[in-house]
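Read the structure below first, then the notes.
2 protein chains.
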Amino acid sequence: MLSAEIIAIGSELLTPTKTDTNSLWLTGKLNEIGIEVKLKTVVGDDKMRLEETIRDALKRSDIVISTGGLGPTEDDITRTVAARAIGRKLVYQDDLETDLRERFRKWGREMPEINKRQAFVIEGADVLPNPNGSAVGMAVETGEKFFVILPGPPRENQPMFENFILPKLRRAAGEIYVKRRMLRVGGVGESAVDEAIAPIYKLYETVETSILFNKSEIEIHLAAQSNSETEADAILEELAGKIIEKLGVAVFSRNGELMEEIVGKLLCENKKTVAVAESCTGGLIGGRLTDIPGASTYFMQGVIAYANEAKIKTLNVAPEIIEKYGAVSAEVAEAMAKGMRELANTDYAISVTGIAGPDGGSEEKPVGTVFIGYADDAQTKSFKTILPGDRYLIRWRASQTALDYLRRQILKTQTTE
Amino acid sequence: MLSAEIIAIGSELLTPTKTDTNSLWLTGKLNEIGIEVKLKTVVGDDKMRLEETIRDALKRSDIVISTGGLGPTEDDITRTVAARAIGRKLVYQDDLETDLRERFRKWGREMPEINKRQAFVIEGADVLPNPNGSAVGMAVETGEKFFVILPGPPRENQPMFENFILPKLRRAAGEIYVKRRMLRVGGVGESAVDEAIAPIYKLYETVETSILFNKSEIEIHLAAQSNSETEADAILEELAGKIIEKLGVAVFSRNGELMEEIVGKLLCENKKTVAVAESCTGGLIGGRLTDIPGASTYFMQGVIAYANEAKIKTLNVAPEIIEKYGAVSAEVAEAMAKGMRELANTDYAISVTGIAGPDGGSEEKPVGTVFIGYADDAQTKSFKTILPGDRYLIRWRASQTALDYLRRQILKTQTTE
Chain A
1 MLSAEIIAIG
11 SELLTPTKTD
21 TNSLWLTGKL
31 NEIGIEVKLK
41 TVVGDDKMRL
51 EETIRDALKR
61 SDIVISTGGL
71 GPTEDDITRT
81 VAARAIGRKL
91 VYQDDLETDL
101 RERFRKWGRE
111 MPEINKRQAF
121 VIEGADVLPN
131 PNGSAVGMAV
141 ETGEKFFVIL
151 PGPPRENQPM
161 FENFILPKLR
171 RAAGEIYVKR
181 RMLRVGGVGE
191 SAVDEAIAPI
201 YKLYETVETS
211 ILFNKSEIEI
221 HLAAQSNSET
231 EADAILEELA
241 GKIIEKLGVA
251 VFSRNGELME
261 EIVGKLLCEN
271 KKTVAVAESC
281 TGGLIGGRLT
291 DIPGASTYFM
301 QGVIAYANEA
311 KIKTLNVAPE
321 IIEKYGAVSA
331 EVAEAMAKGM
341 RELANTDYAI
351 SVTGIAGPDG
361 GSEEKPVGTV
371 FIGYADDAQT
381 KSFKTILPGD
391 RYLIRWRASQ
401 TALDYLRRQI
411 LKTQTTE
Chain B
418 MLSAEIIAIG
428 SELLTPTKTD
438 TNSLWLTGKL
448 NEIGIEVKLK
458 TVVGDDKMRL
468 EETIRDALKR
478 SDIVISTGGL
488 GPTEDDITRT
498 VAARAIGRKL
508 VYQDDLETDL
518 RERFRKWGRE
528 MPEINKRQAF
538 VIEGADVLPN
548 PNGSAVGMAV
558 ETGEKFFVIL
568 PGPPRENQPM
578 FENFILPKLR
588 RAAGEIYVKR
598 RMLRVGGVGE
608 SAVDEAIAPI
618 YKLYETVETS
628 ILFNKSEIEI
638 HLAAQSNSET
648 EADAILEELA
658 GKIIEKLGVA
668 VFSRNGELME
678 EIVGKLLCEN
688 KKTVAVAESC
698 TGGLIGGRLT
708 DIPGASTYFM
718 QGVIAYANEA
728 KIKTLNVAPE
738 IIEKYGAVSA
748 EVAEAMAKGM
758 RELANTDYAI
768 SVTGIAGPDG
778 GSEEKPVGTV
788 FIGYADDAQT
798 KSFKTILPGD
808 RYLIRWRASQ
818 TALDYLRRQI
828 LKTQTTE
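As structure tokens, this is what we get:
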């Protein structure tokens, strides 16, 4: 089995608030092809320590991957130090500078002179192109070892790693297949999920099962290992099927998709449209739904009705209802959903009104009280939930609860039709 | 200045889902007393690599702190390996075993024999008692270096570190104070910021300055060190002041606040209200503004006008304008802002219409083309920008650009009045 080390470079990663997350993603990818991560280092913009770290890593492990420190400024030292650590020169590549200048021109800017630094690469290294940023990556074979130098931002290093490094490592790692799958479960607690499915997954000894709680949902991670790809896939399929059967409609995502993707897919497949009326979530639901490419085919409109005036004027909520029941009430949630659906002329509308805190709670309606409204062509209804957490979590969980409610309604309508 | 290294021990910390967080807390504590963390390592239950890591760390840095691997089971190797790394013996301490037996008795259990391992400590080490668990910590002076061995769980290692290690280190570190501050800059690139301010910050040798790019803004991190707290504060104030003077209005945040906080604060201070009309950002701007507690005093309403119908019906955009110029155009952005302001009856309205991709781009209007509209009581205007990145980044950057535009307009209005 090949061993790997990951070096995260950047002084900001040695502060009390920032942490290296690149290594988690890289570890996941390496594990999939049967390569184990044996050590991780975080080192600052510190030439002596970085050089030593790279040297030691290449002595100990087969594969060394570094992230960060490839920017154009003085404190970006990876290029120079990495070259020195493996005893090679940096060479200037004309075509890289041309690329950089072109890139800046497209953004309507002149390339600052310091960016020229990014046109230097280690002698003999494969250059890894970066469509999402100005720093190219590098891959060098040195002795028996493989040294990969990636930029820091995930959006830059992930495609680079997947396209250029992973296929190479897969060939080197040989016939080990670790297949992963993630299910997401809504509306059930972590221990309830474990209690329900432990008797199932414990029978699968070649599958590593872990259950994690993530903001507003439970993630079930499955990792099946085999020296046959087909077998790994088949085992995973079988176990996932049994878990889904056991947990039923609560499993909203069968392959790790996000709630907004699943809702989007359901709307698309059923050729239905939706609009959202948000009070306490303030645009979060709209933002999540429209984060999915192609959302314009089913998402028509949203109204962020934060002020009562907006609920009344734009969503046609009767002022007397707000007066009588309060803005955070089942009645207002329903009126918002109904008004939204009529305004946008969609098949469905959902609405949220609640108290996200930290202020605004009362004995009767504590912080976390949220009403979700729903309207379709046949009915308007709502339900109340009390969500735990701070403002951020309450808002997130309210958005998740509303989307899950819509999902369950679409599924019901599907079955009835 | 004393340098420290942190070693997190445990194979679970080398998986794709777990991350070492002990080091963040420890770094915070060390930084406060002027000790810098120079390197962090995560190593598994791997004797060879752990021994090498400890040896190297003690060569490089004044203080080495390890967390984890002190449990009673086979894969808890820290005790043995640490002793070997510094060339000392493990000695059995009778009183520790007695303590352990007593502890188990209190829990109503017999001490399992394997727990005896936890009664062995490194020869000559100070033993750090653990009221919250069965593993004691250790502190050893070896040569000029200080080696601290802590258990993994935060509730065990944190009181241990605060009570026994911190006072010792504070004395060793002397009177050193490190004060931090972060500025955020919008609408300027990383290299342009560096080019502009390097001549300033380079004159401040006791301040560590680092410049980071973060999605849509530049962060300038300053850390001033002095043996007088007042002086550290004063130096930081002086340097930050000069940087702000140089970069001007582009510095949107003087103390690390987020764009949405700053915009909220400005609206609040000026007793103004705002509404947002979003097309391609789909609720993101509303979501960010309402993420700030108390947003209801200045944020009245949003409309997510995704479909053209919504732009026409809710925001009163003339269909002919959409027909003539397209939904992504200066004219529509302006009509959206104007319509939004009239609907919500606010002081300001901003709008966004653009192409977030991945599809929908054309030669004339490529993916990333975004128009930001603005309306107040005196004028309606707009501007065009082309934002780089994928769908996620384009949407985020569009929201940031719109909020920054609003911020600059509020500042202008302030000055004019």
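Here the protein sequences come in this chain order: A and B.
Yeah, the first sequence ends on 417 if you go by the working numbering, and it's all consecutive.
Yeah, the second sequence ends on 834 if you go by the working numbering, and it's all consecutive.
We treat Cβ as the ideally placed atom computed from N, Cα and C, and that holds for glycine.
Just so it is clear, the structure is predicted and the values come from calculations on it, not from any experiment.
With the criterion set as a beta carbon lying under 9 Å from some beta carbon of chain B, the members of the segment 35 to 47 of chain A are Glu36, Val37, Lys38, Leu39, Lys40, Thr41, Val42, Val43, Gly44, Asp45, Asp46, in sequence order. The beta carbon of Ser351 of chain A sits no closer than 8 Å to any beta carbon of chain B.
Straight through space, the alpha carbons of Thr690 of chain B and Tyr791 of chain B are spaced by roughly 13 Å. Per DSSP, the continuous beta strand (DSSP E) segment holding Arg180 of chain A begins and ends at 177 to 185.
Per the C-alpha coordinates, the member of A:Ile6, A:Ala398, A:Tyr405, A:Asp99 positioned closest to Lys215 of chain A is A:Ala398. In summary, Trp524 of chain B is exposed, with fewer than 16 beta-carbon neighbours lying within 10 Å of its beta-carbon over all protein chains present. According to the DSSP assignment, Asp543 of chain B belongs to the beta strand (DSSP E) that extends over 543 to 545. For Ser483 of chain B, the uninterrupted beta strand (DSSP E) segment begins and ends at 480 to 484. With respect to Ala421 of chain B, Glu453 of chain B sits close: the two C-beta atoms are nearer than 8 Å. For Gly241 of chain A, the closest alpha carbon among the candidates A:Ala349, A:Ala192, A:Thr297, A:Arg181 is that of A:Arg181.
Sixteen is the threshold: since fewer than 16 other Cβ atoms of the shown chains lie within 10 Å of the Cβ of Asp94 of chain A, the residue is exposed. Assignment of alpha helix (DSSP H) within the segment 614 to 675 of chain B, counting only whole runs of 4 or more residues, yields 646 to 664 in chain order. Here the alpha carbon of Arg758 of chain B sits roughly 20 Å from the alpha carbon of Lys801 of chain B. The beta carbon of Lys782 of chain B is closer than 8 Å to those of Gly743, Val745, Ile772 in its chain, skipping five residues each way along the sequence. Apart from the 5 residues on each side of it in sequence, Arg155 of chain A sits with its Cβ closer than 6 Å to the Cβ of Asn132 in its chain, given in chain order. The Cβ atoms of Ile65 of chain A and Ile6 of chain A lie closer than 8 Å to each other. In the DSSP annotation of this structure, the continuous segment of the beta strand (DSSP E) that includes Leu150 of chain A starts and ends at 145 to 150. Taking all protein chains in view, the Cβ of Ala172 of chain A is surrounded by fewer than 16 other Cβ atoms within 10 Å, so the residue is classified as exposed.
If the five residues before and after Leu447 of chain B are omitted, its C-beta is found closer than 7 Å to the C-beta atoms of Ala421, Val454, all from its own chain and listed in chain order.
Ile7 of chain A carries a strand assignment under DSSP once its states are collapsed to helix, strand and coil. With respect to Leu683 of chain B, Arg472 of chain B sits apart: the two C-beta atoms are not nearer than 8 Å.
Here Leu90 of chain A is bridged, per DSSP, to A:Ile122. What Gln718 of chain B touches in chain A, judged by beta-carbon distance under 8 Å, is Val303, Ile304, Ala305, Tyr306, Ala307, Glu309, Ala310, Thr314, going in chain order.
Annotated three-state conformation of Met753 of chain B is helix, per DSSP.
Chain B places a beta carbon closer than 8 Å to that of Arg109 of chain A, counting this residue as a contact. Listed along chain A, the residues sitting closer than 7 Å to Ser608 of chain B by beta-carbon distance are Pro72, Thr73, Pro112, Ile114, Asn115. Unbroken alpha helix (DSSP H) runs of no fewer than 4 residues, entirely contained in the segment 700 to 747 of chain B, are found at 701 to 706, 725 to 730, 736 to 742, following chain order. By the rule that beta-carbons nearer than 8 Å mark a contact, Asn448 of chain B touches chain A. When Cβ-Cβ separations below 8 Å define contact, Ala761 of chain B makes contact with chain A.
Look at Glu162 of chain A here: in three-state DSSP terms it is helix. Judged by their CB atoms, Ile197 of chain A and Ile243 of chain A are nearer to each other than the 8 Å cut-off. For Glu612 of chain B, the nearest beta carbon of chain A is closer than 8 Å to its own beta carbon.
About 6 Å separates the beta carbons of Gly264 of chain A and Tyr298 of chain A, which is inside the 8 Å limit, making them a contact pair. Between Ala135 of chain A and Pro159 of chain A, the beta carbon gap of about 13 Å keeps them out of contact (Cβ cut-off 8 Å). Only residues of its own chain outside the window of five on either side were considered, and among them Leu475, Ser478, Asp479, Ile480, Val481 have a CB closer than 8 Å to the CB of Lys562 of chain B, listed in chain order. Around Asp776 of chain B, the beta-carbon contacts reaching into chain A at under 8 Å are Pro293, Gly294.
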